[in-house]
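Chemist: Start counting the sequence shown at 1; every next residue gets the next number (UniProt numbering). Beta carbons: idealized from backbone N, C-alpha and C, even for Gly.
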Amino acid sequence: MERQIGDVAFARYANHTGMPEPDFDSPYPLGPPNLALLASLLCKHITAVPYENLCLHYSRERDVSLDCRPLLDRIINRRRGGYCMELNMIFFFLLRRLGFHARHSIILVTFESPAFPVRTLTYLVDVGFGGDGPIVPIALLSDVVNSNLGSQETRLTFGSVQGLDSATMAPQPHLWSYWTRNSPKHVWKQRFCFSLLEFTLEDFKVMSYFASTHKESIQTKKLMVVKFLSESSARTEYSSCESATRSPSKHSNHIFGRSDQVPSHKRGPNDDCIAGKLILVDDTLKINTGSKTQVLKVCTTEEERVTVLETAFDIIVQEYERSSIRGSPVELAPKCTVSENSPGDEKLAASIDSKRIGYSRVGDRHVQEVGRGLATQYMLLCKC
Numbered sequence: 001m002e003r004q005i006g007d008v009a010f011a012r013y014a015n016h017t018g019m020p021e022p023d024f025d026s027p028y029p030l031g032p033p034n035l036a037l038l039a040s041l042l043c044k045h046i047t048a049v050p051y052e053n054l055c056l057h058y059s060r061e062r063d064v065s066l067d068c069r070p071l072l073d074r075i076i077n078r079r080r081g082g083y084c085m086e087l088n089m090i091f092f093f094l095l096r097r098l099g100f101h102a103r104h105s106i107i108l109v110t111f112e113s114p115a116f117p118v119r120t121l122t123y124l125v126d127v128g129f130g131g132d133g134p135i136v137p138i139a140l141l142s143d144v145v146n147s148n149l150g151s152q153e154t155r156l157t158f159g160s161v162q163g164l165d166s167a168t169m170a171p172q173p174h175l176w177s178y179w180t181r182n183s184p185k186h187v188w189k190q191r192f193c194f195s196l197l198e199f200t201l202e203d204f205k206v207m208s209y210f211a212s213t214h215k216e217s218i219q220t221k222k223l224m225v226v227k228f229l230s231e232s233s234a235r236t237e238y239s240s241c242e243s244a245t246r247s248p249s250k251h252s253n254h255i256f257g258r259s260d261q262v263p264s265h266k267r268g269p270n271d272d273c274i275a276g277k278l279i280l281v282d283d284t285l286k287i288n289t290g291s292k293t294q295v296l297k298v299c300t301t302e303e304e305r306v307t308v309l310e311t312a313f314d315i316i317v318q319e320y321e322r323s324s325i326r327g328s329p330v331e332l333a334p335k336c337t338v339s340e341n342s343p344g345d346e347k348l349a350a351s352i353d354s355k356r357i358g359y360s361r362v363g364d365r366h367v368q369e370v371g372r373g374l375a376t377q378y379m380l381l382c383k384c
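#1: Ordered along the chain, which non-local residues of its own chain (more than five positions away) have a Cβ less than 8 Å from that of Thr284?
#2: Measure the CB-CB distance between Val281 and Lys222 and report whether it falls below 8 Å.
#3: Please list, in chain order, all residues of the same chain as Leu66 whose beta carbon is under 8 Å from its beta carbon, the five residues on each side excluded.
#4: Give me whichever residues DSSP pairs with Gly130 in a beta bridge.
#5: Going residue by residue through the stretch 28 to 73, where are the continuous alpha helix (DSSP H) segments of at least 4 residues, counting only ones entirely within it?
#6: Compare the C-alpha of Asn77 against each of His16, Cys68, Leu38, Glu61 and name the closest.
#7: Taking C-alpha atoms, which residue in Gly150, Phe129, Phe158, Ser230 lies nearest to Ala139?
#8: Any contact of the stretch 91 to 100 with the stretch 28 to 36, i.e. 3+ C-beta pairs under 8 Å?
#9: Please list, in chain order, all residues of the same chain as Gly150 whose beta carbon is under 6 Å from its beta carbon, the five residues on each side excluded.
#10: Whole angstroms is fine: what's the gap from Ala48's alpha carbon to Asp143's?
#11: Taking the alpha-carbon positions, what's the Lys215 to Pro329 distance?
#12: With DSSP as the reference, label Glu202 as helix, strand or coil.
#13: Could you check the C-alpha separation between residue 451 and Gln162 for me, to the nearest Å?
#14: What first and last residue would you give for the beta strand (DSSP E) that runs through Tyr83?
#15: Rounded to whole angstroms, what is the Cα-Cα separation between Val262 and Cys273?
#16: Return helix, strand or coil for Thr17, following the three-state DSSP convention.
#17: Kindly list the residues whose CB is nearer than 6 Å to the CB of Leu121, restricted to its own chain and excluding five residues on each side of it in sequence; keep chain order.
#18: Hey, would you say Leu42 sits closer than 8 Å to Ser212, going by beta carbons?
#19: For Leu95, which of Asp126, Arg80, Pro70 has the nearest alpha-carbon?
#20: Quick one, are the C-beta atoms of Ser152 and Cys68 less than 8 Å apart?
#21: Buried or exposed for Thr180, please, with buried defined as at least 16 other CB atoms from any protein chain shown within 10 angstroms of its CB.
#22: Nearest to Glu331 by alpha carbon, out of Glu231, Trp176, Ile316, Met224?
#23: When you compare only the Cα positions, how much space is there between Phe129 and Trp188?
#24: Would Glu303 be called buried (16 or more neighbouring beta carbons within 10 Å of its own) or exposed?
#25: Just the Cα atoms here: how many angstroms apart are Leu175 and Pro137?
#26: Looking only at its own chain, which residues have a Cβ that is under 6 Å from the Cβ of Arg74, when we skip the five neighbours before and after it?
#27: Pull up the CB-CB distance for Leu71 and Gly82, whole angstroms please, since I reckon it's below 8 Å.
#28: Helix or strand or just coil, what does DSSP make of Val145?
#29: Would Leu54 and Ile315 qualify as a contact pair, given that the criterion is a beta-carbon distance under 8 Å?
#30: So what does DSSP say about Asn288, is it helix, strand or coil?
#31: Taking all protein chains shown into account, do 16 or more other C-beta atoms lie within 10 angstroms of the C-beta of Val308, making it buried, or fewer, making it exposed?
#32: Leaving aside the five residues before and after residue 392 along the sequence, list all residues of the same chain whose C-beta is less than 7 Å from its C-beta, in chain order.
Below, the structure written as structure tokens:
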């Protein structure tokens, strides 16, 4: 595969994500492609580049591209992000540029480092799964419990997957599955499964087209933004949200503890990277710091949501983009007012409200089940 990220674009991307200045005279611009570098790249990427699907809602074209140039333009020039396949595709190009050897597989990418050929392990890396994605590389070992953000834990398993039926009488092929639980007291939830079958970029474009256009896709039914917070930015981000949502200032210490003590979640080579995450789903903005999730604001109008996007996520929605959401299922339209003299209008308003409630419930249920879809999730596997 030809080099997808040139020196100038890579230098701008490195600056945007807080990476060290690359040395382009070296075959490895940021140093040997090992586990420490991988963990650092993962941390810096997910804290600088948000998971979001705004281009499917605040856009006239509602077009998703997996090509490197438009993705970099959106990330660097517009300070935006993307959804699963977009983010992992650009991360794949980044790893290639840094000297990692990669290949595309169904919902994953695998790569190995030639610099450390002895005792290599394969690691799962996913920068595009959203709030429950791994914040550190996970070794591809079955039934090993790993720490994630706060009390959340992750694990991988290898075996048959419940609910999948073979088209023939042949035994079902074994698959890897990614699981999370919010604490040791909670039950495990299967988020997605994957195989090692190699796919091409064109295959992922087909999958992305379905995910970004089909009416039953979670991406078209929900507006979602997730931003992971580094320890250095967590309190600043919360203060911005606090100002935007007019929440009492006392909540800052309630969530983060003393003013001089921000939660620390150290993960070896990942240092003290991730302290929390901001989550916007449709109308509701939440913050999670590993031990507690708090609702910061419930937006009732498009104006409020656009303000939250700017203050909490540093995402500016232009005026022409705002008008593109009109008529969308995720539009925050003003509630109908019913005239006392129009019983027919009352029935219509009740019908609209019931459909909105039903949509919300279907959407929530779909969020829980979407992880079973092999064709809509895409991650990275790395050998270090």
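Modeler: So, to answer that:
#1: Stepping through the sequence shown from its first residue, residue 284 is reached at position 284. Closer than 8 Å at Cβ, skipping near neighbours: Val295, Lys297, Val298, Cys299.
#2: On the sequence shown, position 281 is the one that residue 281 refers to. On the sequence shown, position 222 is the one that residue 222 refers to. Cβ atoms of Val281 and Lys222: closer than 8 Å.
#3: Numbered from 1 along the sequence shown, position 66 holds the residue referred to as residue 66. Closer than 8 Å at the Cβ level, and outside the excluded window around Leu66, lie Met85, Glu86, Met89, Leu201, Phe204, Lys205, Ser208.
#4: Against the sequence shown, residue 130 aligns to sequence position 130. Beta-bridge pairing links Gly130 to no other residue.
#5: Qualifying alpha helix (DSSP H) stretches, in chain order: 35 to 48, 68 to 72.
#6: Your numbering for residue 77 matches position 77 in the sequence shown. Between Asn77 and the set His16, Cys68, Leu38, Glu61, the nearest pair of CA atoms involves His16.
#7: As a first step, residue 139 is located in the sequence shown; it is residue number 139 there, counting from the start. Phe158 is the residue among Gly150, Phe129, Phe158, Ser230 whose C-alpha sits nearest the C-alpha of Ala139.
#8: In the pairwise beta carbon analysis, the stretch 91 to 100 is classified as touching the stretch 28 to 36: at least three pairs are separated by under 8 Å.
#9: Within the sequence shown, residue 150 is the residue found at index 150, counting from 1. Gly290, Ser291.
#10: Within the sequence shown, the letter at position 48 stands for residue 48. Within the sequence shown, the letter at position 143 stands for residue 143. The alpha-carbon atoms of Ala48 and Asp143 are separated by roughly 31 Å.
#11: Your numbering for residue 215 matches position 215 in the sequence shown. Your numbering for residue 329 matches position 329 in the sequence shown. Taking the straight line from one Cα to the other gives about 10 Å.
#12: The sequence position of residue 202 within the sequence shown is 202, counting from 1. Three-state result, Glu202: helix.
#13: With the chain covering 1 to 384 only, the question about residue 451 has no answer from this structure.
#14: Working through the sequence shown from its first residue, we reach residue 83 at position 83. Segment: none, Tyr83 is in no beta strand (DSSP E) and carries neither H nor E.
#15: As a working mapping, residue 262 is identified with position 262 in the sequence shown. As a working mapping, residue 273 is identified with position 273 in the sequence shown. Legend: pLDDT at Val262 = 33, less than 50; position of this residue unreliable, no value from coordinates given.
#16: Residue 17 sits at position 17 when you count from the first residue of the sequence shown. In this structure, Thr17 counts as helix in the three-state DSSP scheme.
#17: Taking the first residue of the sequence shown as position 1, residue 121 is located at position 121. Same-chain partners within the cutoff: Ala139.
#18: Translated into positions along the sequence shown, residue 42 becomes position 42. Translated into positions along the sequence shown, residue 212 becomes position 212. Contact: no.
#19: Reading the sequence shown from its first residue, position 95 is the one you call residue 95. Checking every option, the nearest Cα to that of Leu95 belongs to Asp126.
#20: For the purposes of this step, residue 152 is taken as the residue at position 152 of the sequence shown. For the purposes of this step, residue 68 is taken as the residue at position 68 of the sequence shown. The identity of residue 152 in the sequence shown is Gln, whereas the question assumes Ser. Cβ atoms of Gln152 and Cys68: not closer than 8 Å.
#21: Within the sequence shown, numbered from 1, the residue matching residue 180 stands at position 180. Under this definition Thr180 is a buried residue.
#22: Position 331 of the sequence shown, counting from 1, holds the residue named residue 331. For Glu331, the nearest C-alpha among the options comes from Met224.
#23: The residue labelled residue 129 in the question sits at position 129 within the sequence shown. The residue labelled residue 188 in the question sits at position 188 within the sequence shown. Each residue's Cα considered, the two are about 17 Å apart.
#24: Position 303 of the sequence shown, counted from the start, is the residue given in the question as residue 303. Classification for Glu303: exposed.
#25: By 1-based counting over the sequence shown, the position of residue 175 is 175. By 1-based counting over the sequence shown, the position of residue 137 is 137. Using only the alpha carbons, I get a separation of about 19 Å.
#26: The residue given as residue 74 occupies position 74 in the sequence shown. These residues qualify, in order along the chain: Arg80.
#27: Counted from its first residue, the sequence shown places residue 71 at position 71. Counted from its first residue, the sequence shown places residue 82 at position 82. Here Leu71 really is in contact with Gly82; their C-beta atoms are around 7 Å apart, less than 8 Å.
#28: Indexing the sequence shown from 1 puts residue 145 at position 145. Reduced to three states, the DSSP call for Val145 is coil.
#29: For the purposes of this step, residue 54 is taken as the residue at position 54 of the sequence shown. For the purposes of this step, residue 315 is taken as the residue at position 315 of the sequence shown. For Leu54 and Ile315, yes; Cβs fall inside 8 Å.
#30: If you number the sequence shown from 1, residue 288 lands on position 288. Three-state result, Asn288: strand.
#31: If you number the sequence shown from 1, residue 308 lands on position 308. That one is buried.
#32: This structure leaves residue 392 out entirely; the chain is present only between 1 and 384.
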